[in-house]
Structure formats: structure tokens, C-alpha cells
Amino acid sequence: MARSPTGRWHLDEVFVRIGGQKVWLWRAVDDEGEVLDVLVQKRRNKAAALKLLRRLLRNQGIHPDTITTDKLASYSAAVRELGLKGVHRPGGLQANNRAENSHLPIRRRERKQQKFKSQGSAQRFLSAHAAIHNCFNVQEHLIRRSTLRTFRAAAHHAWVEATVAA
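Each residue of the sequence shown is one higher than the one before, starting from 1 at the first, in the numbering used here.
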């Protein structure tokens with residue numbers, strides 16, 4: 001049961017160690033916590049930010065209402081180049097808290113796996129993790145238990161279909 005993403009995007013980057021080298025994990029989530037895209041890059045510059053934003057614009061099918069980022073200058077340069085300056089909201093950690101919190105499951109998983117071994121394997125794992133997270137991410141505190149059971153059953157059914165195909 002895939003929900004359509006909203007137009008309020010939160011972008012953030014965090015470093016992870018892969019094979020002893022620091023690489024950057026760029027993530028985009030919407031305001032409801034749905035993971036929009038994950039990108040592993042060796043650099044933290046305008047080109048990497050442009051790649052993430054272009055992928056988002058191409059794959060999401062909607063134009064963003066707002067793009068909230070931290071104060072990294074690479075975001076401002078990329079947004080300016082794509083002509084999205086009117087929707088960009090550079091803020092501090094509190095403004096971009098939705099994206100900051102979305103890193104927590106990745107950090108836990110990274111510790112359990114004793115680090116990632118290659119950039120390609122990290123990209124594959126994180127993309128699959130995002131799809132699984134979106135499938136089972138239900139706002140439990142906003143719905144009744146009967147509705148939650150229905151949503152969980154649909155998510156498990158989608159999970160069974162996806163794993164049979166793989």
C-alpha cells in the first residue's frame with residue numbers, strides 16, 4: 001500500500017564509512033517520513049546535490065511545494081541552477097528535523113552489519129531499506145487499531161508478493 005508523497009521535501013546528507021573511507025549518504029524524505037530517494041556519493045558538493053535533486057524531480061512525478069535543507073551551500077547552488085529558488089527553505093537542524101530523524105534506522109543497521117563493504121552494496125541495501133520502510137511506515141498514533149490491522153495486513157501482503165518475485 002504505497003502512499004503518494006507530498007510536495008514538502010526534506011533533504012539531508014550524512015557520512016557513512018564504507019571500506020574504511022568516508023562517503024556521503026544523501027537522503028530525501030517528505031513531511032510524513034516517506035523516503036523519497038537515497039543516494040550514496042563520494043563527494044559533498046554541488047554536483048552531488050544536483051544529482052539528488054534531478055533524480056527526485058524525475059522520479060517523483062510532482063513538483064515540490066517546499067524543499068527544506070540544512071545550511072549547506074551545495075543545496076543553495078543546486079536549487080538555484082534548477083530554478084527552484086522560490087521553494088527552497090534553508091534552515092537549521094530544527095527546520096530539517098524530519099530528514100535528520102530518518103537517519104536513525106540507517107545508523108542502527110550500519111552498526112549491526114559492522115559497516116558497509118562497498119559503495120554499490122550500500123546503495124542497493126539502502127534503496128531496498130527505503131522501500132521496505134515506506135511499506136511498513138504507518139502513523140499508528142493517528143489511526144484506530146482496526147485500521148492499523150488492515151494497513152499492516154496490506155503491507156505484509158505487498159511484502160509477500162515482492163519477495164516471491166525476487
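Built from N, CA and C at the ideal position, the CB exists for glycine as well.
Bear in mind that the values here come from a model prediction, so they are computed numbers and not experimental data.
Starting from residue i, trace the alpha helix (DSSP H) in both directions and tell me its first and last residue.
i     : result
Val79 : Ala73 to Leu82
Lys54 : A small correction: the amino acid at residue 54 is Arg; Lys does not occupy that position in the sequence shown. Arg54 -> alpha helix (DSSP H) spans Lys46 to Gln60.
The beta strand (DSSP E) that contains residue i, what's its start and end?
i     : result
Lys22 : Gln21 to Asp30
Glu13 : Arg8 to Ile18
Asp37 : Val35 to Gln41
Arg89 : His88 to Pro90
Ile67 : Thr66 to Thr69
Between residue i and the rest of its own chain, which residues show a CB-CB distance below 7 Å, the 5 nearest in sequence each way excluded?
i     : result
Ala78 : Lys46, Ala49, Leu50 and Leu53
Asn59 : Asp37
Glu32 : Thr6
Between residue i and residue j, what straight-line distance do the alpha-carbon atoms span, to the nearest angstrom?
i      : j      : result
Arg27  : Leu36  : 8 Å
Ala154 : Val16  : 33 Å
Leu72  : Val160 : 40 Å
Arg145 : His157 : 18 Å
Gly20  : Asp30  : 31 Å
His63  : Gln41  : 24 Å
Leu56  : His10  : 11 Å
Leu164 : Asp70  : Going by the sequence as given, residue 164 is Val instead of Leu. Roughly 40 Å separates the two Cα atoms.
Thr150 : Glu81  : 44 Å
Thr68  : Thr147 : 31 Å
Lys85  : Ser76  : 8 Å
Suppose the cutoff is 6 Å on Cβ atoms and the five residues either side in sequence are ignored; what does the same chain contact list for residue i look like?
i      : result
Leu39  : Trp26 and Leu52
Thr66  : Arg8, Val87 and Arg89
Trp24  : Glu13, Phe15, Gln41 and Arg44
Ser127 : Val38
Excluding five sequence neighbours on each side, which residues of the same chain lie with their C-beta closer than 8 Å to the C-beta of residue i?
i     : result
Ser74 : Arg44, Asn45, Lys46, Ala48 and Ala49
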